[in-house]
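Take a look at the structure below.
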Amino acid sequence: MNVRPVFFVIGILLFILGASMFIPACVEIYFNGDNSDVFWSSGFFTCFSGGMLVIATRQDKPFAMQTREGFLLTSLTWIILSSFAALPFYFSDTAMSLTDSLFESVSGITTTGSTVMTTLDDTSKGILIWRALLQWYGGIGIIVTALSLFPFLKIGGMQLFKTESSENEKAFPRAAQLATSIISVYLVLTALCVTAYFLAGLSMFDAIAHAMTTIATGGFSTRDASIGAFVGTNADIVAIVFILLSALPFVMYMKAVRSLPTRILSDQQVRAFAKTVLMTTLMMAIYLVFTGIFDPVDALRNALFQVTVIITGTGYGIHDYGTWGPFPVMLIFAIMFVGGCSGSTTCSIKVFRYQILIAMLKNQIKHLVHPSGVFPIKYNGKPVPADVPMSVAGFMFLFFLSFFILALLLFTTGLDPVTAISSAATAICNVGPGLGDIVGPHGTFEPLPVMAKWIMMAGMLVGRLELLTFFVLIIPHFWKRA
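Heads up: the sequence shown begins at 1 in my numbering, then just goes up one per residue.
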């Protein structure tokens with residue numbers, strides 16, 4: 001295995017991460033904060049580390065990165081970047097422990113949104129904007145990874161979305177070109193979201209910070225009450241609109257620019273995602289009306305907000321849904337495992353995998369009636385490659401097995417069943433809040449034992465990178481010379 005290109009790319013990304021730390025340093029100076037020196041020193045150290053990696057691994061001829069290097073790059077990038085991104089948290093005046101600093105960093109860069117910070121209202125502006133930047137970068141990173149690497153690494157059926165030749169070596173040069181287009185769309189959506197939040201009544205600082213975490217479907221806020229701190233400003237409506245836009249396949253936006261915008265609505269997973277959000281919202285709203293919790297208009301508005309932020313893994317909060325009764329809580333827990341569309345900033349299992357499984361089930365029923373019949377599975381009107389259904393089935397099995405193991409491990413740390421199970425779900429699905437008084441929408445993960453936080457960090461990384469990307473690294477055969 002040639003690791004030089006792996007660490008060369010990581011070096012470049014570290015340099016970019018370090019340079020990004022100068023942004024919150026300037027924010028600290030502007031708002032007379034006390035952490036500007038922390039960001040300057042952390043930024044220079046990270047840039048230096050990245051620069052040394054680039055110098056040590058550069059070569060004159062072009063790099064040839066193959067599939068194994070792709071797996072290693074994907075996993076190491078998120079681990080190493082998360083470690084360096086934790087430096088400002090650890091050395092700032094937040095007085096966070098090493099575990100808490102890493103937890104906040106991993107939660108940010110994986111766009112999970114779970115937090116150990118308990119006094120956001122009093123936290124320096126530099127730290128708040130750094131949290132938002134981490135999620136914003138994480139959102140870009142996962143889209144590029146999902147569209148340019150996962151299809152060629154054949155992760156969980158993502159090969160269904162190959163757009164070029166299936167030769168692995170062609171995936172990696174294409175990533176730079178794809179990243180440019182994605183970043184353009186990402187910047188446009190972010191700018192529009194900032195404008196919308198500002199017009200809704202948020203300060204420019206809050207508008208920028210929330211726009212970054214909205215487009216990334218991350219959920220970090222600048223306030224302890226999250227979006228609930230802006231009641232009366234229509235911030236929740238802005239969040240709903242831009243979260244849903246970010247939950248759609250970004251490649252669809254690129255195609256819409258070149259053809260008819262209505263083409264987005266013709267995509268099979270987009271229609272299924274929209275139907276899922278609509279049906280779940282209606283079920284929750286009807287319950288909230290008939291139980292007298294909200295009037296019809298408020299019930300629909302709050303149900304749509306809560307369904308949107310949970311199904312996409314954004315994790316913003318307004319109300320404590322734990323007080324709404326058992327049915328909404330059960331519904332919220334269930335949709336944690338849905339996610340948005342592939343190629344978006346969202347998390348969890350993703351809609352298309354459920355569609356493939358349903359198609360497989362229909363095929364099995366048809367074969368029972370017509371044993372000699374041939375019934376090809378189609379997706380968006382095209383035949384599905386033969387290896388995709390089993391790849392999806394394997395991914396689903398591994399996903400729920402990993403969730404079960406995570407919940408079991410968290411339970412052994414002394415957590416109650418509700419906290420352990422919901423924390424496992426929110427980690428591997430990258431959702432943010434859990435259930436119960438401790439980790440619910442109005443709680444934080446700060447009270448959890450140290451070991452529980454490390455287990456959750458592992459769950460966040462494994463879930464964000466679609467499981468197999470990590471698990472393949474522990475197979476001895478992976479490390480054998482080809």
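Even glycine gets a Cβ: it sits at the ideal position worked out from N, Cα and C.
- A contact between stretches requires three or more CB pairs, one per stretch, nearer than 8 Å, and the region 176 to 188 fails this requirement with the region 199 to 207.
- Shown here for asparagine 363: same chain residues with a beta carbon closer than 8 Å to its own, the five before and five after excluded, namely Phe375, Ile377 in chain order.
- Inter-segment contact for the region 29 to 37 and the region 111 to 121 is absent: fewer than three beta-carbon pairs are separated by less than 8 Å.
- Here valine 257 is exposed, its C-beta having fewer than 16 other C-beta atoms within 10 Å.
- DSSP places arginine 353 in the uninterrupted alpha helix (DSSP H) bounded by 351 to 369.
- The Cβ atoms of methionine 390 and arginine 353 do not sit closer than 8 Å to each other.
- Secondary structure within the region 428 to 464: the alpha helix (DSSP H) runs of 4 or more consecutive residues, fully enclosed, are 436 to 439, 450 to 464 (chain order).
- Counted as a single uninterrupted DSSP element, the alpha helix (DSSP H) harbouring proline 326 occupies residues 326 to 335.
- Per DSSP, phenylalanine 470 is one residue of the alpha helix (DSSP H) stretching across 468 to 471.
- Put simply, the region 401 to 418 touches the region 427 to 442. At least three CB pairs are less than 8 Å apart.
- Between isoleucine 12 and the set Met52, Thr222, Cys193, the nearest pair of CA atoms involves Met52.
- Using a Cβ distance threshold of 8 Å, alanine 458 and threonine 346 do not count as a contacting pair.
- For leucine 202, there is no enclosing alpha helix (DSSP H), as DSSP gives it neither H nor E.
- In this chain, the alpha helix (DSSP H) harbouring glutamine 268 covers 268 to 290.
- Sequence-distant partners of lysine 366 (beyond 5 residues in either direction) whose C-beta falls short of 8 Å from its own C-beta, in its chain, are Gly373, Phe375.
- A distance below 8 Å between beta-carbons, with the five flanking residues on each side excluded, links alanine 239 to the following residues of its chain, in chain order: His210, Thr214, Ile227, Phe305, Thr308, Val309, Thr314, Tyr316.
- Ranking Ile23, Ser49, Thr115 by CA distance to the CA of threonine 444 puts Thr115 first.
- Residue range 296 to 311 is occupied by the alpha helix (DSSP H) that includes arginine 301.
- Measuring C-alpha to C-alpha distances from isoleucine 10 to each of Asp37, Ser36, Phe48, Cys26 identifies Phe48 as the nearest.
- Here the alpha carbon of cysteine 341 sits roughly 16 Å from the alpha carbon of glycine 141.
- Of the other Cβ atoms in all chains shown, 16 or more fall within 10 Å of the Cβ of glycine 113; this residue is therefore buried.
- According to the DSSP assignment, valine 231 belongs to no alpha helix (DSSP H), since it is labelled neither H nor E.
- One thing to note: valine 329 has its Cβ no nearer than 8 Å to the Cβ of threonine 276.
- Residue environment for proline 371: exposed (fewer than 16 other C-beta atoms within 10 angstroms of its C-beta).
- Annotation for proline 389: the continuous alpha helix (DSSP H) segment containing it runs 388 to 412.
- By the Cβ rule, the region 396 to 409 counts as touching the region 420 to 430, because three or more pairs are nearer than 8 Å.
- For methionine 254 and glycine 343, the gap between their C-alpha atoms comes out near 12 Å.
- In the DSSP assignment, tyrosine 316 falls outside any alpha helix (DSSP H) and carries neither an H nor an E.
- Taking the C-beta atoms as reference points, threonine 110 is found nearer than 8 Å to leucine 461.
- In the DSSP assignment, lysine 378 forms a beta bridge with Pro383.
- Around the CB of lysine 61, fewer than 16 other CB atoms lie within 10 Å, so the residue is classed as exposed.
- For leucine 72 and glutamine 135, the gap between their C-alpha atoms comes out near 22 Å.
- In this structure, glycine 126 and glycine 218 do not form a Cβ contact; the two beta carbons are roughly 18 Å apart against a cut-off of 8 Å.
- Minimum Cα-Cα distance from alanine 56 among the listed residues Pro24, Gln355, Thr94, Val3 corresponds to Val3.
- Shown here, glutamine 135 sits in a helix according to DSSP, grouped into three states.
- Residue burial annotation: phenylalanine 242 is buried, with at least 16 other C-beta atoms found within 10 angstroms of its C-beta.
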